[in-house]
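Residue numbers (our numbering): 4 to 232.
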């Protein structure tokens, strides 16, 4: 029982959350009873497998990364909107995604809709140059995020690319005005999609965030209600 208490304490200290911890421990106890073992390595491996099972490895995590057919029959790019709180690595993730997509023979345009951080557009353009894709950015003095997003989708449509990746500024999920702005960015992105919607809203979360990540996901998902996923 001391060992079980230690496992429970470790999971709670890692901020797995009480409900997930209880569920995981119940599954683990059942599994260990079936195995009939108290070998430390076997228990550790069972723990690892139960933790992996909690995040559902069978879930379809493929990105919408090909051109789509809008309701009026027009072919449009898949638009991926990158969101999250400050400092989680959204711009870097956009660059990495672009590299992966190009390696998979997808054509890409980047949209620098983070107009708050001075170096964000430069950083994104550097990533774009490295992987050989265009970056749409606005005037540093007066660019509006929604305007940059609209221009990026327009450029992607004109080029006939598969994917438009739009970077956005970091914002806390409890700042209503900034969250409303994300909705405006999404709507601006959809103006050039002939009735289609943003294909993906991707939330970037720091891996050590813990339970606050769930709250982030709940709030940020509100801007993607019209999206496919």
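Even for Gly, the Cβ is constructed at its ideal location relative to N, Cα and C.
As a beta-bridge residue in DSSP terms, residue 168 pairs with 83 and 113. Between the alpha carbons of residue 16 and residue 35 lies a gap of roughly 23 Å. The DSSP-derived three-state label of residue 104 is helix.
In this structure, DSSP gives residue 137 an extended state, which the three-state scheme calls strand.
In this chain, residue 62 is not harboured by any beta strand (DSSP E), its DSSP state being neither H nor E. Residue 19 sits in coil when the DSSP states are folded into three classes, being neither helix nor strand. Residue 68 places its beta carbon 8 Å or farther from that of residue 134. With respect to residue 82, residue 196 sits close: the two C-beta atoms are nearer than 8 Å.
Beta-bridge pairing by DSSP links residue 88 to no other residue. For residue 217, the number of other beta carbons within 10 angstroms of its own is below 16, and it is reported as exposed. Around the C-beta of residue 140, 16 or more other C-beta atoms lie within 10 Å, and the residue is accordingly described as buried. DSSP, reduced to helix, strand and coil, places residue 37 within a helical segment of the structure shown.
In this structure, residue 170 sits away from residue 206, with a CB-CB distance that is not shorter than 8 Å. If you compare the alpha carbons of 128, 215 and 147 with that of residue 101, the shortest gap goes to 128.
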